[in-house]
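Student: Just dropping this structure here.
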Amino acid sequence: MEQKVNVRVLLDKVKNKVVFVEAGGDFVDILLSFLTLPMAKIIRLINTCHDGPPLGKLGSLCNLYQSLLNIDPVHLSGDQCKDMLITPRNQSEVMCKKLKINIDNAEQLSYFLCRGCCSGLSTKKDTMCSCGDLMNKKIEVKEDSDITAGEYEGVFVTASASFLVTDDLCIRENSVRASVDILSKLGIKDIKKIDSLSRSFGLKEISPCIYWELYHVKPCLLSATT
Ligand SMILES: [Zn+2]
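Quick note on our numbering: the sequence shown kicks off at 4 and runs consecutively.
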């Protein structure tokens with residue numbers, strides 16, 4: 004069954020704009036996990052879930068990525084170079100597997116040992132070792148099969164913490180003062196103009212958050228299921 008994360012969305016009824024989201028550690032952990040993603044992975048995710056105009060400065064990085072795809076393999080130092088750059092592994096992969104929703108749903112990590120010197124180790128098969136041999140001896144690594152079962156314990160923040168997240172992805176501890184600060188910054192004086200809605204997030208709604216601020220869209224929050 005798909006994991007969902009529940010949040011409370013405060014909405015400016017007049018402007019139909021998200022004021023902030025009141026969320027627990029589970030939601031904030033997912034947002035913070037974006038910081039663990041390698042750049043090429045971010046570009047791939049954006050290309051997958053974004054079909055609008057180029058994303059400002061990030062557009063150049065998308066060009067860089069596309070250029071790599073177009074480079075003839077004869078100009079690369081090794082057969083694995085392209086694959087290594089296109090699908091880099093996340094250093095925090097093991098931690099991210101504990102998230103309720105893992106945006107970087109990579110396949111299980113494999114390790115390959117050098118057949119020659121037996122000290123070179125790579126996560127990509129057939130990478131050239133410094134000794135000149137290929138690293139292609141697969142090592143079996145036992146993974147914790149039921150890592151997401153049981154009660155959520157928190158990954159980067161504690162599960163019981165409560166936060167306010169604004170639509171530009173600023174995260175603050177939940178307090179009356181923080182709420183008042185955000186409301187006054189937005190010039191909202193009349194609380195009656197604010198609606199409070201319960202929203203449930205799945206992978207589909209979370210994914211666009213990765214270009215949330217860049218593209219100035221918040222449809223994921225407004226359209227998430229109740
Ligand atoms: Zn070697």
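Every residue, glycine too, gets a C-beta built ideally from N, C-alpha and C. Just so we're clear, the structure is a prediction, and the values are computed from it rather than from any experiment.
Could you check whether the Cβ of Ser122 sits closer than 7 Å to any heavy atom belonging to ligand 1?
Tutor: yes
Student: At a cut-off of 7 Å, is Asp136 close to ligand 1 when judged by its beta-carbon and the heavy atoms of the ligand?
Tutor: Because some heavy atom of ligand 1 lies under 7 Å away, the Cβ of Asp136 counts as near it: yes.
Student: Could you tell me the boundaries of the beta strand (DSSP E) in which Arg202 lies?
Tutor: Ile197 to Phe204
Student: Assuming Cys99 contacts Thr39 (C-beta within less than 8 Å), just tell me the rounded distance between them.
Tutor: So it is a contact: roughly 6 Å between Cβ atoms.
Student: What does a CB cutoff of less than 6 Å around Asp29 pick up in its chain, not counting 5 residues either side in sequence?
Tutor: Excluding residues within five positions, the ones whose Cβ falls inside 6 Å are Val8, Lys103 and Tyr155.
Student: Are the CB atoms of Asp86 and Lys127 nearer to each other than 8 Å?
Tutor: yes
Student: Among Cys117, Pro211 and Glu25, whose alpha-carbon lies nearest the alpha-carbon of Ser182?
Tutor: Scanning Cys117, Pro211 and Glu25 for the CA closest to the CA of Ser182 turns up Glu25.
Student: Which of the three DSSP states is assigned to Asp86 in this structure?
Tutor: helix
Student: To the nearest angstrom, how far is the alpha carbon of Asp82 from that of Ile106?
Tutor: 28 Å
Student: Out of curiosity, what's the CA-to-CA distance linking Asn50 and Met4?
Tutor: 26 Å
Student: Go to Glu96, then tell me how far its alpha helix (DSSP H) extends in each direction, as first and last residue.
Tutor: In the DSSP assignment, Glu96 falls within the alpha helix (DSSP H) that extends over Glu96 to Cys99.
Student: My output table needs one value for Val160: the three-state DSSP class, helix, strand or coil.
Tutor: coil
Student: DSSP three-state label for Val22, please.
Tutor: strand
Student: Would Ile33 be called buried (16 or more neighbouring beta carbons within 10 Å of its own) or exposed?
Tutor: buried
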